[in-house]
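Protein chains in written order, with UniProt numbering: chain A, 1 to 313; chain B, 1 to 313. These notes concern the structure reproduced below.
Protein chains: 2
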Amino acid sequence: MAQNGTIEDAKAHKFNPHFTQAVINATGPKATPRVRQLTTSLIQHLHDYARENELTVDEWMAGLDLLNEAGRMSDDRRNEGQLLCDIFGLETLVDEITYKLASDAQDEPTATAILGPFWRKDAPQKAMGDTIVSGIEGKGDRTYMHGTVTDFRTGKPVEGAVLDVWHTAPNGLYEQQDPGQPEMNLRGRFTTGKDGKYRFYCLRPVPYPIPYDGPAGKILQALDRHPYRPAHIHFILTAPGYKPIVTQIFDRNSKYIGDDAVFAVKESLIVDFKPFEGDPNAEFELPYDFKMATFEDAKKHSVAGATEVSGAV
Amino acid sequence: MAQNGTIEDAKAHKFNPHFTQAVINATGPKATPRVRQLTTSLIQHLHDYARENELTVDEWMAGLDLLNEAGRMSDDRRNEGQLLCDIFGLETLVDEITYKLASDAQDEPTATAILGPFWRKDAPQKAMGDTIVSGIEGKGDRTYMHGTVTDFRTGKPVEGAVLDVWHTAPNGLYEQQDPGQPEMNLRGRFTTGKDGKYRFYCLRPVPYPIPYDGPAGKILQALDRHPYRPAHIHFILTAPGYKPIVTQIFDRNSKYIGDDAVFAVKESLIVDFKPFEGDPNAEFELPYDFKMATFEDAKKHSVAGATEVSGAV
């Protein structure tokens, strides 16, 4: 007996009405409940998508070619598959689902935003007050960023918090995209002391296009969409006993602030760069405080089953 | 104004109720109607999938890693992305949608089945009556396959039909998977003359596992599913003025005939290998006729917008 149902069944409906259930039923008894749930739902959505849109073999193959091409382009310097998800808003959505922290109310931790494909592990450890800028002197608006990392519930400073920061150069490229920049330029890690304070020099970032020489670019072009992100700085905050925070802050005056190609902007993460007097090393000041939640407190704000940030801890 | 809606909106629903529409709305006016339809539906299904299952960042990342890995493994000898689709039944479904030919009624063309990831272009041109077996003498059940290619409507023979055939070796491997086999072993192309008849020697195929050393294998394992396909022979038929047919025929007595790992079996494609007397070159006989439809006739049986088989013509 074939799996695909009888001729009578197939003729009674536009497409074989038993096929999707047959594929779902192939799952064996030893699959975990979560794996079973995620794949059953995936099969249902994939098949519904194909039927609702009467997806042809050629169209499916074209999509498949893009996915394979994205995988081939991906390595430790570039994650094209992630970029594909990002232009469809999927990373922002799973970030919202996982953390489910209701943005910017006073008594809540710092909101999260997507990791993006340009984070690198092992960014250099820096001394407090150092600059993360190297090899591009004289370019960009120099900025003095500083603030305090506090416990969102008690308001007390968090000691030993590691702030991992990265942003693009004035040419719109991250260092791993740009052979002209020194290794690990515009990246650094800073560890807070007892006062929870941090400070460092960086640049005021600029808007930039996400890489559009691969499948993501092809899709943006087909969708008549621009590839730009508003100016932003990326952070991962980790501290002993605290839930890691993956976030970005956005320059209020940046172009594309209401039109991010990867849909990551949240109102609570929009900041103001202020003209800075009296420091020969910086034209702008950026004060910003981070609020972290202990794992225990974070649980009250997260959905059931939320797990740690992949690769960030 | 950020894209992600206000705090009030977010609190009124479990997740931001405006987010999916914001992503869909980013599509520009120059996108074609079909691209707009396919991506709007894709965004809606992706987001619904994430929300319905409360997909976490870790789970999304795990899926993404599998997709990138599949792309990296794919080249002209292996298409792991296609294999991923196949184990979820997607290729069989788009095949059904594209061709929508109601299987085995007498007055209809030969049913289609998935191309699978092992077809190679430029299989050797053979003379009618040749064998496609080389370098593995003495292994496998030798089979004499023959039949006629006819026009499904008129019943007349089709001249100049090219039958492109491929199947696995007795060890369950296609030649491009197996350094021990001669290049293009168990592949060949045969062109019919005026009588529309074809004949060649091959082997009676065996069930085999799809490759499970990559992402598809990991998923099958997590789903507690076996990786086996029932014994089958692949064909692509092309002929001037006729719609190409991509299909497979399946051995009725094969294990897994009701339980194909990629869900490709259709009743009308199940065949009987018969013991063959009087030919020292074959232990089995396999008579099989193919019925092709002209492009004009095929239109009446296909969904609107169905296109040619990608890469097969």
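Note that CB positions come from ideal geometry on N, CA and C, so glycine has one too.
Problem set entry | Among P211(B), R51(B), D251(B), D48(B), nearest to A70(B) - alpha-carbon criterion | When each option's Cα is compared against that of A70(B), the closest is P211(B).
Exercise. Relative to the alpha-carbon of L269(A), which residue among A239(A), P280(A), P287(A), N281(A) has its alpha-carbon at the smallest distance?
Worked result: Of A239(A), P280(A), P287(A), N281(A), the residue nearest in Cα terms is P287(A).
Exercise. Is any beta-carbon of chain A found at less than 8 Å from that of F15(B)?
Worked result: So, interface residue.
For this session: Verify the CB distance criterion: does T56(B) have a CB-CB separation below 8 Å to chain A?
Result: Flagged as an interface residue toward chain A: T56(B), by a C-beta distance shorter than 8 Å.
For this session: Count the CB pairs spanning the region 84 to 91 of chain A and the region 83 to 95 of chain B that are closer than 8 Å, and state whether there are at least three.
Result: In this structure the region 84 to 91 of chain A does not lie against the region 83 to 95 of chain B, because fewer than three pairs of beta carbons, one per stretch, are closer than 8 Å.
For this session: Classify G138(A) as buried or exposed, calling it buried when 16 or more other Cβ atoms lie within 10 Å of its own Cβ.
Result: Burial call: exposed.
Exercise. If you draw a straight line from the C-alpha of D130(A) to the C-alpha of D224(A), how long is it?
Worked result: Cα-Cα distance, rounded: 42 Å.
Exercise. So which residues on chain A does Y49(B) lean against when the C-beta distance must stay under 7 Å?
Worked result: S41, L42, H45, listed in chain order.
For this session: May I have the straight-line CA-CA distance separating D48(B) from T168(A), to the nearest angstrom?
Result: Their Cα atoms are separated by approximately 33 Å.
Problem set entry | Reference Q248(A); option with closest CA among G258(A), A264(A), R34(A) | Among G258(A), A264(A), R34(A), the Cα nearest to that of Q248(A) belongs to A264(A).
Exercise. What residues from the region 16 to 29 of chain A come within 8 Å of chain B, judged by C-beta to C-beta, listed N to C?
Worked result: Listed by position along the chain: N16, F19, T20, A22, V23, A26, T27, G28, P29.
Exercise. For F295(B), which of D151(B), H234(B), Y228(B), P230(B) has the nearest alpha-carbon?
Worked result: Out of D151(B), H234(B), Y228(B), P230(B), D151(B) has the C-alpha closest to the C-alpha of F295(B).
Problem set entry | Inter-stretch contact (C-beta, 8 Å, three-pair minimum) for the region 158 to 165 of chain B and the region 189 to 200 of chain B | Because the criterion of three Cβ pairs below 8 Å is met, the region 158 to 165 of chain B and the region 189 to 200 of chain B touch.
Exercise. Given a threshold of 16 other Cβ atoms within 10 Å of its Cβ, counted over all protein chains shown, does E52(B) qualify as buried or as exposed?
Worked result: The C-beta of E52(B) has fewer than 16 other C-beta atoms within 10 Å across all chains shown, which makes the residue exposed.
Exercise. Does G241(B) come within less than 8 Å of chain A when only Cβ atoms are used?
Worked result: Answer no: the Cβ-Cβ gap between G241(B) and chain A never drops below 8 Å.
For this session: Look at the Cβ atom of T110(A), then the Cβ atom of I245(A), and state whether they are nearer than 8 Å.
Result: Going by C-beta atoms, T110(A) is nearer than 8 Å to I245(A).
For this session: Say whether chain B places a C-beta atom closer than 8 Å to the C-beta of V94(A).
Result: Yes, its Cβ sits closer than 8 Å to a Cβ of chain B.
Exercise. Taking the C-alpha atoms as reference points, what is the distance between L101(A) and E108(A)?
Worked result: For L101(A), the pLDDT reaches just 43, beneath the cut-off of 50, and the residue's location in the model is therefore unreliable, although a value from the coordinates is still provided. The alpha-carbon atoms of L101(A) and E108(A) are separated by roughly 8 Å.
Exercise. Can you tell which of L203(A), M292(A), D65(A), H232(A) has its C-alpha closest to the C-alpha of E267(A)?
Worked result: Of the listed residues, the one whose Cα sits closest to E267(A) is H232(A).
Exercise. Going by Cα to Cα distance, which pick from T238(A), D259(A), A216(A) is closest to Y228(A)?
Worked result: Closest by alpha carbon: D259(A).
Exercise. Name the chain A residues whose beta carbon is nearer than 8 Å to that of L163(B)?
Worked result: Counting only Cβ-Cβ distances below 8 Å, L163(B) has no contacts in chain A at all, with the closest Cβ about 20 Å away.
For this session: Determine the extent of the beta strand (DSSP E) in which H232(A) is found, giving its start and end residues.
Result: Per DSSP, H232(A) belongs to the beta strand (DSSP E) from 232 to 239.
Problem set entry | Pick from A298(A), K14(A), P29(A) that is closest to G241(A), judged by C-alpha positions | If we check each option's Cα against that of G241(A), A298(A) comes out closest.
For this session: Identify the continuous beta strand (DSSP E) that holds G187(A) and give its terminal residues.
Result: Before going on, a small fix: residue 187(A) reads as Arg here, not Gly. 187 to 191 is the span of the beta strand (DSSP E), which, as asked, contains R187(A).
Problem set entry | Coil, strand or helix - D104(B) by DSSP | Summary for D104(B): the model assigns pLDDT 37, below 50, so the residue's position carries little reliability; its value from the coordinates is reported in the next sentence. Here D104(B) sits in coil by DSSP.
Exercise. Listing by chain order, which chain A residues have their CB less than 8 Å from the CB of N171(B)?
Worked result: Those within 8 Å of N171(B) in chain A number zero; the least Cβ separation is about 25 Å.
Problem set entry | Ordered list of beta strand (DSSP E) runs contained in the region 235 to 281 of chain A, each at least 3 residues | Listed in chain order, the complete beta strand (DSSP E) runs (minimum 3 residues) inside the region 235 to 281 of chain A are 242 to 251.
Problem set entry | Exposure label - D251(A); buried when at least 16 CB within 10 Å | When all chains shown are included, D251(A) counts as buried.
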